[in-house]
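For reference, the structure discussed in these notes is given below.
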Amino acid sequence: MPDDVRSSSPRDRAARPAAIGAARFTPRSVTEIELPHGMTSTRRSVMRKGALVGASIPAALLLLGLVARVLLGSDNGSTIAFVFALIALPALPVFGVPAETDSGRIIAAVVLSLATWLVIGAIASMRVAKRPLVGWKEWAGQYWPVAAGMVVGAVFALALAFFMLGAL
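Numbers 3 to 170, taken from my numbering, label the letters of the sequence shown in order.
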């Protein structure tokens with residue numbers, strides 16, 4: 003269709019270039035635009051990074067415990083470091099690490115705990131992705147109850163082991 007002929011059809015107007023610039027304005031091109039921090043971008047970010055964030059939070063707690071161990075000395079620092087290690091590595095009591103500290107047991111506890119935190123983070127991101135609005139706040143709402151259950155279970159297992167050994 004020549005440019006000098008005016009058409010009143012919306013489809014013809016959308017197919018013609020705009021007077022300023024040469025962009026074509028069609029409904030499809032508008033929906034393909036992805037905002038950097040929009041809903042689609044945030045959903046994709048939560049889905050991609052949810053498992054890694056789920057594992058990085060306990061890793062940060064483990065590093066915080068190591069820093070406390072170095073800064074506070076042997077008595078208080080060791081206690082705080084062990085509590086943070088128990089939070090970050092909830093599989094420690096499963097392998098009996100407080101009673102026996104073989105390197106194989108510790109490595110197995112670290113690998114199992116890492117896999118567990120990755121799975122918890124991934125499940126939280128998959129559960130959040132079913133909602134219409136997705137963000138890190140909603141991800142945290144799905145992650146923290148399960149993480150708290152893991153920590154309480156590890157502390158309960160350690161307390162039970164101490165009770166069975168007669169330490170409590």
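Every residue gets a Cβ at the ideal spot worked out from N, C-alpha and C, and that includes glycine.
So, is residue i buried or exposed, given that buried needs 16 or more other C-beta atoms within 10 angstroms?
{"i": "G106", "result": "exposed"}
{"i": "W141", "result": "buried"}
{"i": "G67", "result": "buried"}
{"i": "R71", "result": "buried"}
{"i": "W119", "result": "buried"}
{"i": "I109", "result": "exposed"}
{"i": "V99", "result": "buried"}
{"i": "V154", "result": "exposed"}
{"i": "A83", "result": "buried"}
{"i": "V55", "result": "buried"}
{"i": "F97", "result": "buried"}
So for residue i, helix, strand or coil by DSSP?
{"i": "F158", "result": "helix"}
{"i": "F97", "result": "coil"}
{"i": "A150", "result": "helix"}
{"i": "D104", "result": "coil"}
{"i": "P60", "result": "helix"}
{"i": "S43", "result": "helix"}
{"i": "V69", "result": "helix"}
{"i": "G52", "result": "helix"}
{"i": "L175", "result": "The structure shown does not extend to residue 175, since the chain is modelled only from 3 to 170, so the question has no answer here."}
{"i": "L120", "result": "helix"}
{"i": "A169", "result": "coil"}
{"i": "K132", "result": "coil"}
{"i": "S76", "result": "coil"}
Check whether the Cβ atoms of residue i and residue j lie closer than 8 Å to each other.
{"i": "L135", "j": "M49", "result": "no"}
{"i": "A90", "j": "L74", "result": "no"}
{"i": "A111", "j": "L94", "result": "yes"}
{"i": "A150", "j": "I122", "result": "no"}
{"i": "S58", "j": "P92", "result": "no"}
{"i": "G143", "j": "T44", "result": "no"}
Since residue i contacts residue j with CB under 8 Å, what's their CB separation in whole angstroms?
{"i": "S127", "j": "G52", "result": "3 Å"}
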